[in-house]
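Take a look at the structure below.
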Amino acid sequence: MHSIPTDFETMCSFENLYQAYKKARSGKRDKSVCAKFELHTTENLLKLRDELLSGTYRMEPYTEFMVYEPKERLVKASSFRDRIVQHTLCDNVLQYRVVNHFIYDNYASQKGKGTHFGLNRLWKFMRSYYRNCGTEGWILKADISKFFYSIDHDILKEQLKRYILDKRVLKLCFDIIDSTIGVGIPIGNQTSQVFALMYLNDLDHLIKDQMGIKYYGRYMDDFYIILQDKNELKEIKKVIEAEIIKLRLQINPKTQIFPLKNGIDFLGFHSYLTDSGKVVKKIRRDSKNNVRRRLRRLKRLKKQGVVSGKTVQQSYNSWMGHAKHGDTYHLRKLIEEEFSGTIWNEKGSA
Numbered sequence: 002m003h004s005i006p007t008d009f010e011t012m013c014s015f016e017n018l019y020q021a022y023k024k025a026r027s028g029k030r031d032k033s034v035c036a037k038f039e040l041h042t043t044e045n046l047l048k049l050r051d052e053l054l055s056g057t058y059r060m061e062p063y064t065e066f067m068v069y070e071p072k073e074r075l076v077k078a079s080s081f082r083d084r085i086v087q088h089t090l091c092d093n094v095l096q097y098r099v100v101n102h103f104i105y106d107n108y109a110s111q112k113g114k115g116t117h118f119g120l121n122r123l124w125k126f127m128r129s130y131y132r133n134c135g136t137e138g139w140i141l142k143a144d145i146s147k148f149f150y151s152i153d154h155d156i157l158k159e160q161l162k163r164y165i166l167d168k169r170v171l172k173l174c175f176d177i178i179d180s181t182i183g184v185g186i187p188i189g190n191q192t193s194q195v196f197a198l199m200y201l202n203d204l205d206h207l208i209k210d211q212m213g214i215k216y217y218g219r220y221m222d223d224f225y226i227i228l229q230d231k232n233e234l235k236e237i238k239k240v241i242e243a244e245i246i247k248l249r250l251q252i253n254p255k256t257q258i259f260p261l262k263n264g265i266d267f268l269g270f271h272s273y274l275t276d277s278g279k280v281v282k283k284i285r286r287d288s289k290n291n292v293r294r295r296l297r298r299l300k301r302l303k304k305q306g307v308v309s310g311k312t313v314q315q316s317y318n319s320w321m322g323h324a325k326h327g328d329t330y331h332l333r334k335l336i337e338e339e340f341s342g343t344i345w346n347e348k349g350s351a
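Note that the working numbering has the sequence shown beginning at 2, numbered continuously upward.
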C-alpha cells in the first residue's frame, strides 16, 4: 500500500511545482529571470524539488524598491524560484491548513473574495442595519499603524504551530519569516498575505464568535464595526485595543467612533445611508485625485516611450471597472472626457 504523502511532499510534487511555476510566470514572461528559468523549465523544477526534499533549499536575496500609491511603501520582491516555492506552499498547504479557518468577513487576498466582495458585504450590512435599526447608529473604523512592518516573528510562528503540524512545512515557513531581520514581513511575498491575514484571525473570531458582532468586516488591517449603542462600542474598542497590544501592534491613533449618518470610508468608497435606507456609494476624494495623478503620469511615460499604450489602457480600464461598482456615472464621464482622447492615439487604439 502507498503511504499518504505529507503536506510537504504534496507541495513538492512536480505537478504542484509546475502549477506554481505557471502562476509565478503569469504576466512576467517578458522578464529576463522568467525567460532564463523557462529555457530549462523541467530541469530547473526538478532541481528545485530536490533542494526542497533534501533540505538544501535556501531563499535568494530580495530585490527592494519603493512604491508610492496608494501610499509610500518599501516592497521586497522574491526571486523567481522563491515565488514558485511560495505559490506551491500557499496553494497546497496554507490554503487548507490556515485560510480555511478564517471568518467569512475577512476579505483580502483570497480566492473568490477581494475589494468588491468586501464592499458588497459592507453595503449588505448597511441595508440590513437600516431594516433593523434605521439610520441611528455608530461606526468604529480602525486600522493598524505600519501593519506589515510591525508583525512580530515569534508571535507569528506560535500562531502557525497551531495550524501546521508538518515540521518541514513549519521550517520552510519560519525560514521565510526570518528572511527579514527583526520584526515585520515583506509586502511583496505571496506568503506574507496569508501570514498577515492569519495574524489578526484570533481578533476576528473574538469579535464575531465571542462578542457576537454581526456587522464587522476586515480587509487586511482595515476593519469596521457598526453598532447601535455608542457606549457598548466604546467598550468593544477598549477590548480590541488590548488584543492588538498583545500582538505587539498599535492601532492607528486616528481611529474613532462616529455616527453612522456620516458614512464610512472603506476600500476606496465613501458609503452612507439615506433616510430612505438607500446606500449611496461615492468614490473617495483621495481616490479620485490618485487616479488622475496616476493616469497623468502614465500619459507622460507613454509619450516618452517608457510604457506602452496597453499598460495605460489596462490601468484606465481597471479603475473604470472599480468605479462602476458605485454611484459614479458623472465621475466616470469626467474621467473619460479628460483622458480618453489623450491616452490613446487619434483612432482610440492603444
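Glycine is no exception: its CB is placed at the ideal position from the N, C-alpha and C atoms.
On a predicted model such as this, the values are computed, not experimentally measured, just so you know.
{"Item": "Contacting residues, own chain, Cβ-Cβ under 6 Å from I165 (five flanking each side not counted)", "Value": "R98 and L171"}
{"Item": "Beta-carbon spacing of L123, S272 below 8 Å", "Value": "yes"}
{"Item": "E337 versus T329: straight-line alpha-carbon distance, rounded", "Value": "12 Å"}
{"Item": "Proximity below 8 Å, CB of D153 to CB of V195", "Value": "no"}
{"Item": "Beta-carbon proximity of V100 to Q111, cut-off 8 Å", "Value": "yes"}
{"Item": "CB-CB length for Y1 against F267, believed under 8 Å", "Value": "Only positions 2 to 351 of the chain appear in this structure, which leaves residue 1 out of reach."}
{"Item": "L53 in three-state terms, based on DSSP", "Value": "helix"}
{"Item": "A36 versus T43: straight-line alpha-carbon distance, rounded", "Value": "13 Å"}
{"Item": "Cβ contact check for the region 200-216 and the region 242-253: 3 or more pairs under 8 Å", "Value": "yes"}
{"Item": "R293 - containing alpha helix (DSSP H), residue span", "Value": "R286 to K304"}
{"Item": "DSSP bridge partner residues for R98 (one or two, in chain order)", "Value": "For R98, which the question treats as bridged, DSSP gives no partner whatsoever."}
{"Item": "Neighbourhood of E244 by C-beta, 6 Å cutoff - its chain only, sequence neighbours within 5 removed", "Value": "L204"}
{"Item": "Anticipated Cβ contact below 8 Å, L90 with L49, distance rounded", "Value": "About 12 Å separates the two Cβ atoms, so there is no contact after all."}
{"Item": "Counterpart residues of H41 in DSSP-defined beta bridges", "Value": "Answer is none; H41 lacks a bridge partner."}
{"Item": "8 Å Cβ cutoff met for M127 and V280", "Value": "yes"}
{"Item": "Residue of G119, I178, Q211 and V307 minimising C-alpha distance to S79", "Value": "I178"}
{"Item": "DSSP state of T181 mapped onto helix, strand, coil", "Value": "coil"}
{"Item": "Cut-off 8 Å between Cβ atoms - residues of its own chain near T256, not counting five sequence neighbours on either side", "Value": "L141, K142, A143, D144 and K238"}
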